[in-house]
Amino acid sequence: MPRPVELSAVVPVYNEEAGIGEMHRRLRSVLQGLGVPWEMVLVNDGSRDRTAELLDALVATDPDVRAVHFSRNFGHQAAVAAGLAHARGAAVVVLDADLQDPPELIPDLLAKWREGWQIVYAQRRKRQGEPLTKRFFAWSFYRVVRRMTEMDLPTDTGDFCLMDKVVVDLLNSMPERNRYIRGLRAWVGFRQTAVPFDRAERFAGDVKYTFSKSFGLALNGIFSLSKMPLRAATWLGLTISAASFLLAVWALYVRLTGGYTVPGWASTVVIMLFLGGVQLLTIGVIGEYLGRVYDEVKQRPLYVVARITESRASSAEPVSHEARVVGR
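Heads up: the sequence shown begins at 31 in my numbering, then just goes up one per residue.
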């Protein structure tokens, strides 16, 4: 029978062979210093380098580590969801493998949890080593989404947080496929607080969240948390209809009063192109929501676990077994 665990550390990993050893060393050092039973759940999100091999090697030398291997790359949010599903701790901390989320902040998060807070999120003060454009878009995104939703979504926060098991169980019970963890974390409510920190540069390797992936995550956050784009499309259509009606009234007035209008096709073409663009934009917004409905209706799993590597209960000898259950 597995021993009781007070704290689980969930780390999604994708192509991190250059930094996985240092991440494990720093994270283990912090967890050992807490003086509580702990475990480390490392989720391999279909890495194409030697990450899977290195994770299995960590399990062989560290009985407190479990490695969950996906059958392919399912994405960061799916990897976080899998880690939460496999965590056994009374509290679960989620952090990235690139060490931009410093493990040394975990004692502060845990202290807030012991004070009675059920969600403790790390809030960024500075983002070191990131270009100005990325920092600007990140700063703007959080504030735009906060205004577009009815929730109290904290700004400048990522997935780096500590959550009580009650919150984790609720997140695990949610059936949706298009997940935006930090949005769901705010949606469930409970007592939440922040611990500020300065985000460091990536320890090693290439940046995994490119601009296109970050933009996709931003869109997923907006469309999963807010119906505002649909309402905006409706108001845009009403505004253009009203403008067209006023233009027709003006044209009729000019005609009846004998005013002179210059015949031509340029204005007609501009209006047609404008209306066509608005229609395509509106269809695109509807398509984003419809695509998410399509994903939910198919009821495909959020991820597929190929195998799980963990130490035997009686020794530190690792055992790798195929998973019989796929994620929600």
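All C-beta atoms, glycine included, are put in the ideal place defined by N, C-alpha and C.
Determine the extent of the alpha helix (DSSP H) in which residue i is found, giving its start and end residues.
i: N202; result: 195-203
i: P137; result: 136-144
i: R337; result: Unbroken run through R337 is the beta strand (DSSP E), 335-341; no alpha helix (DSSP H).
i: G213; result: 211-217
Work out the CA separation of residue j and residue i for me, nearest whole Å.
i: N45; j: M302; result: 48 Å
i: R144; j: L305; result: 57 Å
i: K142; j: V150; result: 7 Å
i: S38; j: Q309; result: 49 Å
i: P34; j: V122; result: 13 Å
i: L125; j: T269; result: 45 Å
i: E340; j: A87; result: 11 Å
i: L266; j: L183; result: 26 Å
i: P205; j: V218; result: 14 Å
i: R155; j: Q222; result: 18 Å
i: A425; j: V110; result: With the chain covering only 31 through 358, there is no way to say anything about residue 425.
i: A230; j: P132; result: 8 Å
i: G317; j: R56; result: 44 Å
i: E134; j: R58; result: 10 Å
i: T185; j: G213; result: 11 Å
i: A390; j: L64; result: No information on residue 390 is available, as it lies outside the stretch 31 to 358 that the chain covers here.
i: V89; j: G321; result: 39 Å
i: N74; j: P259; result: 34 Å
i: R118; j: D138; result: 21 Å
i: G188; j: P226; result: 12 Å
i: S101; j: E83; result: 14 Å
i: F233; j: D199; result: Its pLDDT being 49, under 50, F233 is placed unreliably in this model, and the value from its coordinates should be taken loosely. Roughly 32 Å between the two C-alpha positions.
i: H116; j: A127; result: 17 Å
i: A48; j: A262; result: 45 Å
i: D228; j: V327; result: 41 Å
i: V146; j: D194; result: Inspection of the sequence shows that residue 146 is occupied by Gly rather than by Val. Computed Cα separation, rounded: 10 Å.
i: V60; j: R78; result: 29 Å
i: R80; j: N103; result: 14 Å
i: T51; j: V196; result: The question names Thr, but residue 51 in the sequence shown is Gly. Those two C-alpha atoms are separated by around 31 Å.
i: L311; j: Y283; result: 32 Å
i: A296; j: Y333; result: Any reading at A296 must be qualified, since the residue scores a pLDDT of 47, below 50, and its modelled position is unreliable; the value itself is stated next. Their backbone Cα atoms lie some 52 Å apart in a straight line.
Name, in chain order, the residues that DSSP records as bridge partners for residue i.
i: Q222; result: I149
i: L192; result: V123, V150
i: T187; result: Q153
In the DSSP assignment, find the beta strand (DSSP E) that holds residue i and state where it starts and stops.
i: A39; result: 37-43
Tell whether a beta-carbon distance below 8 Å holds between residue i and residue j.
i: L129; j: M70; result: no
i: A112; j: V335; result: yes
i: H99; j: R337; result: yes
i: I360; j: Q107; result: Absent from the model: residue 360. The displayed extent of the chain is 31 to 358, so no value can be given.
i: L85; j: V43; result: yes
i: W68; j: D92; result: no
i: Q148; j: F220; result: yes
i: N208; j: L114; result: no
i: L192; j: L140; result: yes
Quick one: which unbroken alpha helix (DSSP H) runs of 4-plus residues sit fully inside the stretch 54-106? Chain order, please. For the stretch 54-106, whole alpha helix (DSSP H) runs of length 4 or above, ordered along the chain, are 81-91.
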